[in-house]
Ligand code: IPM
Ligand code: MN
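In this note's numbering, the protein residues as written are 188 to 547.
Structure below.
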């Protein structure tokens with residue numbers, strides 16, 4: 188199989204971790220007789236520096252011409268003078284939102300599970316951790332508040348600003364279907380998140396999810412208010428299988444879900460739309476404080492590459508080979524700094540990649 192992959196390494200640790208994923212994909216290509224080619228393009232602070240905008244049109248065109256997109260991370264430090272005073276639409280984050288919309292990637296899957304070898308890293312009480320944690324946040328990615336009308340004005344000399352949450356029935360239907368289909372392949376339980384006790388958009392969300400649920404009588408559906416979900420995630424995370432949310436609620440809850448696994452450096456994600464062309468990225472950010480020191484954990488990006496093989500290229504065996512190699516390296520006791528615990532062997536990011544490549 189021949190596949191062409193656009194690589195948006197981005198900022199901070201982005202280039203180090205995408206290098207890791209590329210090395211792993213090259214090894215897979217060698218072993219299974221596939222040809223993966225890579226094309227690096229700019230997005231984020233690096234693109235702002237080179238072109239004045241976070242996502243040049245050329246990058247969008249090249250992503251559309253590729254079979255799939257691998258993304259590192261975008262964004263600078265809180266006080267980065269290169270982005271500090273930029274208007275919202277020229278910030279690096281705007282580039283990320285724009286590429287998602289340009290590629291029509293409405294469905295963002297963020298799996299959060301405890302890796303058995305890292306169970307000790309879970310920050311929850313031991314009896315909670317022992318019940319396990321294996322959930323997927325299905326986040327609607329190109330609607331809601333992050334894409335709604337926004338603005339500023341002034342009333343009687345008092346400045347104000349607003350953002351709007353708007354969802355149409357088809358937007359909710361398609362993300363709900365993704366969640367129910369996924370649940371069918373898992374433990375057959377969907378929890379739908381809303382704030383239907385207050386928000387009209389949430390009431391439409393809830394009605395629509397219930398209508399779609401009729402097509403999936405074999406899947407159990409639970410409604411949960413978003414504030415209660417934030418609490419339930421730390422109280423009893425084992426109750427969740429597939430969690431379907433709006434863009435903004437999913438943004439917030441997926442960080443919480445990732446944190447309770449204790450290993451945000453391990454978690455991958457996929458974003459897909461109507462075609463097989465997806466965007467695959469680690470859940471964590473650009474970590475400018477450790478960039479260029481070979482400290483970053485490449486595993487989340489390497490596991491994102493595995494998701495690309497499975498979900499965009501229909502190569503489940505190759506995807507599993509990567510996941511098995513990662514588990515093997517962890518079982519052997521190798522750890523990057525972020526997941527280090529007593530008695531384990533600390534390795535640099537590039538050494539972690541090498542160990543994984545050797546075990547494929
Ligand atoms: C994420 C990030 C982005 C988001 C930002 C950087 C625009 O927080 O992928 O979760 O809010 O979607
Ligand atoms: Mn986020």
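Beta carbons are placed, not taken as given, at the ideal position from N, Cα and C, and that holds for glycine.
All of these numbers come straight from a predicted model, not from anything done at the bench.
Below 6 Å CB to CB, which residues in the same chain sit around residue i once its five sequence neighbours on both sides are set aside?
i, result
"residue 189", "222"
"residue 445", "299, 451, 454, 470"
"residue 506", "493, 496, 497"
"residue 203", "483, 536"
"residue 474", "199, 200"
"residue 374", "428"
"residue 457", "296, 465, 467, 494, 498"
"residue 321", "300"
May I ask whether a heavy atom of ligand 2 can be found less than 7 Å away from the beta carbon of residue i?
i, result
"residue 350", "no"
Near residue i, which residues of its chain fall below 7 Å by C-beta distance, leaving aside the five closest residues on each side in sequence?
i, result
"residue 302", "450, 453, 517"
"residue 360", "395, 399"
"residue 461", "291"
"residue 278", "241, 270"
"residue 336", "351"
"residue 537", "481"
"residue 205", "194, 196, 257, 259, 488"
"residue 382", "389, 412, 413"
With a CB to CB cut of under 8 Å and the five nearest residues on each side skipped, what residues in its chain are close to residue i?
i, result
"residue 255", "190, 192, 193, 463, 464, 465, 466, 467, 495, 499, 500"
"residue 347", "339, 340, 341"
"residue 370", "376, 377, 403, 406, 428, 429"
"residue 304", "514, 517, 518"
"residue 509", "211, 215, 489, 490, 492, 493, 496, 543, 547"
"residue 534", "521, 522, 523, 542"
"residue 253", "191, 192, 193, 226, 464"
"residue 316", "301, 306, 309"
"residue 249", "193, 226, 228"
"residue 323", "296, 297, 298, 299, 369, 373, 428, 429, 430"
Got a sec: does ligand 1 put a non-hydrogen atom nearer than 7 Å to the Cβ of residue i?
i, result
"residue 529", "no"
"residue 504", "no"
"residue 262", "yes"
"residue 412", "no"
"residue 420", "no"
"residue 386", "no"
"residue 290", "no"
"residue 280", "yes"
"residue 283", "yes"
Entirely enclosed beta strand (DSSP E) segments - the segment 259-292, minimum 3 residues: Within the segment 259-292, no complete beta strand (DSSP E) run reaches 3 residues.
So if I measure from each beta-carbon to every heavy atom of ligand 2 and keep distances below 6 Å, which residues remain? Counting every residue whose Cβ lies closer than 6 Å to a heavy atom of ligand 2, we get 438, 442.
Taking one C-beta from the segment 533-547 and one from the segment 196-212 each time, how about it: are there three or more such pairs within less than 8 Å? Yes: the two stretches touch, three or more of their Cβ pairs being nearer than 8 Å.
Counting only runs of 4+ residues fully inside the segment 350-403, write out the alpha helix (DSSP H) ranges in chain order. Runs of alpha helix (DSSP H) with 4 or more residues, each lying fully within the segment 350-403, are found at 356-371, 387-400, listed in chain order.
Contact between the segment 274-291 and the segment 323-333 (3+ Cβ pairs under 8 Å): yes
In the segment 311-345, which residue ranges form an unbroken beta strand (DSSP E) of at least 3 residues, counting only runs that do not cross its ends? 321-327, 337-342
Length at least 3, wholly inside the segment 423-483: the beta strand (DSSP E) runs in chain order: 429-432, 455-459, 466-469
Could you give the uninterrupted runs of the beta strand (DSSP E) lying entirely in the segment 213-260, keeping only those of 3 residues or more? 222-227, 255-260
Hey, is the segment 229-245 in contact with the segment 432-446, meaning 3+ C-beta pairs nearer than 8 Å? no
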